[in-house]
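Chains as they are written, first to last, in our numbering: chain R, 195 to 333; chain L, 195 to 333.
What follows is a short report on a single structure.
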DNA sequence: CGTCTACCTTGACGCCTGTCGAAGCAGGGG
DNA sequence: CCCCTGCTTCGACAGGCGTCAAGGTAGACG
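This is how it looks when you write it as structure tokens:
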């Protein structure tokens with residue numbers, strides 16, 4: 195298989211929009227596929243913890259070396275999970291010198307969160323930025 | 195709070211609490227396992243669409259016969275997906291006469307949503323009901 | 001009673017995925 | 001220059017998961 199399929203664009207913002215609550219109207223097939231991609235990425239304890247570790251780390255970014263120590267898993271496995279999160283558009287990584295630093299994309303989390311709540315009464319969580327801000331996956 | 199002798203206990207409320215944002219502090223191993231269980235259930239396009247169909251249906255509940263027609267899938271497959279959603283605590287079903295009606299548990303959706311948003315400044319979305327209201331899985 | 005409909009369970013099959021060891025690439029120091 | 005560390009990719013293996021056909025259960029209706 196061709197290696198980098200960076201090819202995949204997940205237009206989460208385009209398909210889901212900024213605010214289409216799950217309970218308001220039925221998701222289309224395309225919408226559900228896009229959303230499920232993100233949920234599936236978060237559907238693993240290790241990845242969920244990685245996401246949390248990165249998000250809660252000082253400075254908003256974490257080095258892979260910090261993440262690896264937390265788990266009883268091999269390096270390649272951690273790398274694999276980071277790749278999955280990256281391809282889901284949840285995080286992105288940057289190499290600085292010897293180390294690679296990852297940071298989360300809060301907009302994506304906010305969008306996913308907004309889809310789940312029934313109405314979002316006056317919720318500010320719905321749209322911190324604009325939907326355009328959705329990161330293109332770099333994989 | 196052992197629930198009924200059901201199979202799985204998902205103490206989502208117990209482990210996750212009502213408001214522990216992902217980005218505030220790292221998830222514990224137990225928390226990530228519980229949360230991942232819910233996300234994994236939502237990590238399939240068909241299940242996500244089922245959830246949306248039920249949630250957005252008039253009266254807050256939907257008959258299985260309505261759901262089956264939407265997909266090009268066999269009855270057993272739909273039944274399987276409904277079971278997964280049920281065991282994740284996202285929906286519950288009730289038999290009335292010949293038909294079985296499913297309805298969603300909005301509290302669970304709200305809790306999951308609350309975990310994702312970074313801060314939730316004044317968000318009321320966090321807790322519509324009380325955590326005790328978390329549905330017991332009937333599996 | 002029998003039968004028909006609606007829904008669930010079982011068993012089987014193929015793909016997808018999490019995991020590892022080994023090997024490869026990128027930089028920093030000797 | 002060579003090596004050493006950090007991270008990723010490759011190849012392989014076991015287990016999980018989505019799907020269906022066939023068979024089972026619950027209730028309605030005659």
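Backbone N, C-alpha and C fix where the C-beta goes; we use that ideal spot for every residue, glycine too.
Small disclaimer: the values here were computed from a predicted structure and weren't measured.
Practice task
Assign residue 263(L) to one of two classes, buried (16 or more other C-beta atoms within 10 Å of its C-beta) or exposed (fewer than that).
Solution key: Position 69 of the second chain, counted from the start, is the residue given in the question as residue 263(L). That one is exposed.
Problem - Chain-ordered residues of the region 271–304 of chain R with a beta carbon less than 8 Å from chain L - result: 298, 300, 303, 304
Problem - residue 288(L) - partner residues in DSSP beta bridges - result: For this step, residue 288(L) is matched to residue 94 along the second chain. 295(L).
Exercise for the section: Could you tell me whether any Cβ in chain L is nearer than 9 Å to the Cβ of residue 263(R)? Expected result: For this step, residue 263(R) is matched to residue 69 along the first chain. So no, residue 263(R) is outside the interface.
Practice task
List the residues that DSSP assigns as beta-bridge partners of residue 255(R).
Solution key: Residue 255(R) sits at position 61 when you count from the first residue of the first chain. Beta-bridge pairing links residue 255(R) to 297(R).
Handout entry: Helix, strand or coil at residue 283(R) according to DSSP, with G and I counted as helix
Key = Against the first chain, residue 283(R) aligns to sequence position 89. Here residue 283(R) sits in coil by DSSP.
Exercise for the section: For chain R, find out if any of its Cβ atoms is closer than 9 Å to the Cβ of residue 246(L); answer yes or no. Expected result: For the purposes of this step, residue 246(L) is taken as residue 52 along the second chain, with counting starting at 1. With 9 Å as the cut-off, residue 246(L) counts as an interface residue toward chain R.
Problem - residue 230(R) (DSSP reduced to helix, strand or coil) - result: Translated into the one-based positions of the first chain, residue 230(R) becomes position 36. Three-state result, residue 230(R): helix.
Problem - Touching by the beta-carbon criterion (3+ pairs, under 8 Å), the region 216–223 of chain L and the region 268–278 of chain L - result: no
Practice task
May I ask which residues mark the beginning and end of the alpha helix (DSSP H) holding residue 240(R)?
Solution key: Here residue 240(R) corresponds to residue number 46 of the first chain, with the count starting at 1. Residue 240(R) -> alpha helix (DSSP H) spans 239–250.
Practice task
Using the Cα positions of residue 283(R) and residue 291(L), report the straight-line distance between them to the nearest angstrom.
Solution key: Reading the first chain from its first residue, position 89 is the one you call residue 283(R). Reading the second chain from its first residue, position 97 is the one you call residue 291(L). So the two alpha carbons sit approximately 45 Å from each other.
Problem - Buried versus exposed call for residue 304(R) [16 or more other C-beta atoms within 10 Å across all chains shown] - result: Translated into positions along the first chain, residue 304(R) becomes position 110. Buried.
Handout entry: C-beta neighbour in chain L for residue 255(R), strict 9 Å
Key = The residue you call residue 255(R) lines up with position 61 of the first chain. It does not: the Cβ of residue 255(R) has no partner Cβ on chain L nearer than 9 Å.
Problem - For residue 278(L), the nearest candidate out of 255(L), 239(L), 221(L), 223(L) (CA to CA) - result: Walking along the second chain from the start, residue 278(L) turns up at place 84. Looking at the Cα atoms, 239(L) is the closest of the given residues.
Problem - Distance, residue 297(L) Cα to residue 255(L) Cα - result: Position 61 of the second chain holds residue 255(L). Position 103 of the second chain holds residue 297(L). Approximately 4 Å between the Cα atoms of the pair.
Exercise for the section: Could you pull out every residue in the same chain whose Cβ sits closer than 6 Å to the Cβ of residue 287(L), ignoring the five residues on either side in sequence? Expected result: Here residue 287(L) refers to the residue found at position 93 of the second chain. Hits under 6 Å: 294, 296.
Problem - Within-9 Å CB hit, residue 267(R) to chain L - result: Your numbering for residue 267(R) matches position 73 in the first chain. Not closer than 9 Å to any Cβ of chain L, the Cβ of residue 267(R) fails to qualify, so no.
Practice task
Starting from the beta carbon of residue 227(R), find every residue of chain L whose beta carbon is closer than 7 Å, and list them in chain order.
Solution key: Indexing the first chain from 1 puts residue 227(R) at position 33. Within chain L, the residues near residue 227(R) are 239.
Problem - Helix, strand or coil at residue 214(R) [DSSP, three-state] - result: As a first step, residue 214(R) must be located in the first chain, where it is residue number 20. Reduced to three states, the DSSP call for residue 214(R) is coil.
Problem - Residues of its chain near residue 274(R), where Cβ-Cβ distance is below 7 Å and the 5 sequence neighbours each way are ignored - result: Mapped onto the first chain, residue 274(R) falls at position 80. So no residue of the chain qualifies.
Practice task
Check whether the Cβ atoms of residue 236(L) and residue 253(R) sit closer than 9 Å, and answer yes or no.
Solution key: The residue labelled residue 236(L) in the question sits at position 42 within the second chain. The residue labelled residue 253(R) in the question sits at position 59 within the first chain. In this structure, residue 253(R) does not lie closer than 9 Å to residue 236(L) by Cβ.
Exercise for the section: Report the three-state DSSP secondary structure of residue 307(R) (helix, strand or coil). Expected result: If you number the first chain from 1, residue 307(R) lands on position 113. It is helical.
Practice task
Give the DSSP-derived three-state secondary structure of residue 267(L) in the structure shown.
Solution key: Indexing the second chain from 1 puts residue 267(L) at position 73. Reduced to three states, the DSSP call for residue 267(L) is coil.
Exercise for the section: Give the DSSP-derived three-state secondary structure of residue 276(L) in the structure shown. Expected result: For the purposes of this step, residue 276(L) is identified with residue 82 of the second chain, where counting begins at 1. Helix at residue 276(L).
Problem - Minimum Cβ-Cβ distance from residue 252(R) to chain L less than 9 Å - result: As a working mapping, residue 252(R) is identified with position 58 in the first chain. No, no contact with chain L.
Exercise for the section: Identify, in the order they occur along the chain, each residue of the same chain with its Cβ nearer than 8 Å to the Cβ of residue 251(R), setting aside the five sequence neighbours on each side. Expected result: Residue mapping note: residue 251(R) aligns to position 57 of the first chain, counting from 1. So the list reads 260, once near-sequence residues are dropped.
Exercise for the section: Using a Cβ-Cβ cut-off of 9 Å, state whether residue 258(R) counts as contacting chain L. Expected result: Walking along the first chain from the start, residue 258(R) turns up at place 64. Cβ-Cβ to chain L under 9 Å: no for residue 258(R).
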